[in-house]
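Numbering (numbering that gives the first Met the number 0), first residue to last: 0 to 195.
Ideal placement from N, C-alpha and C gives every residue a C-beta, glycine not left out.
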Amino acid sequence: MSTQRTLSRSQRLNQITHEPHGKLDALVKAHAPFETQASYARFVVAQYQFQSELVALYNDAQLTALIADLPARCRAEAAKADLADLHTEVPPPVAGAVKNPTQAEALGWLFVSEGSKLGAAFLIKRAVGLGLSETVGARHLAEPAGGRAEGWKTFTRILDALPLTEQQEAEADKGALAAFNRFTVLLEQAYATELA
Ligand code: HEM
């Protein structure tokens, strides 16, 4: 017997990305980023590249009209400062960054980037074990001003209230899945490349 209820948009995005999230979680762990600072630096390279590819979305005027604090949510600068703390050069861009997504697709990407702040609550505790903190080397994993849970609730509340067409719903799904793919590519590349 089915007791299916209508999912909110953010719940649906959560559901359709459950599998890629699990795989990415396992991939992150397979690279043991919290064993050594050298391994962690590669993880930060991927985080920086992912965030820097999303700068245009976080600063998009139309998206900011929907989500007022969107520009402040971006972590590209924090990740860049982390790289400097780790004496790691800013990596060059990797081909294949998101380009001119539709607004709904962009929301899917932002859902993933914002959602990753939840997992970061666990990751920063591990980073502390490497002698790092929210002011040195692990800034991009820091709790956002106003709190992690609050920031996420505000984001999903806005996302869930937007009127989207069926096609836009599909675009949001596509964006979220593409974001997980992209992070996976960047992570694999970061661990396959010699660090400068
Ligand atoms: C690039 C995107 C993401 C990356 C790299 C990522 C990475 C991770 C990792 C490595 C963990 C495990 C932390 C640990 O056990 O020490 C984790 C946990 C978690 N992540 Fe993500 N995540 C991403 C996106 C998301 C999204 C979109 C959401 C929510 C919609 C999310 C929600 C969570 C939550 C709630 C946890 C806590 C434990 C759990 O339920 O598994 N993450 N994440």
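Check	Outcome
Can you round the beta-carbon distance between Gly136 and Leu85 to whole angstroms, since I take them to be within the 8 Å contact cut?	5 Å
With a CB to CB cut of under 7 Å and the five nearest residues on each side skipped, what residues in its chain are close to Arg74?	Gln50 and His139
Report the three-state DSSP secondary structure of Thr16 (helix, strand or coil).	coil
Mapping DSSP to helix, strand and coil, what is Ser112?	helix
Have a look at Val184, Ala67 and Asn180 and flag the residue whose alpha-carbon is nearest the alpha-carbon of Glu18.	Asn180
Within its chain, find whatever has a CB closer than 6 Å to the CB of Ala189; leave out the 5 residues flanking it on each side and keep chain order.	Arg41, Val44 and Ala45
Give me the DSSP bridge partner(s) of Ser132.	Gly136
Measure the beta-carbon distance from Thr183 to Leu23 and round it to whole angstroms, keeping in mind my assumption that it falls under 8 Å.	6 Å
Report the residue from Gly114, Lys79 and Lys98 whose alpha carbon sits nearest the alpha carbon of Ser9.	Gly114
In whole angstroms, what separates the C-alpha of Met0 from that of Gln14?	Confidence is the limiting factor: at Met0 the pLDDT is only 49, short of 50, which leaves the residue's position unreliable, though a coordinate-based value still follows. So the two alpha carbons sit approximately 20 Å from each other.
Three or more C-beta pairs closer than 8 Å, one from the stretch 140 to 152 and one from the stretch 91 to 108: is that the case here?	no
With the cut-off set at 7 Å, would you say Val127 and Ala178 are in Cβ contact?	no
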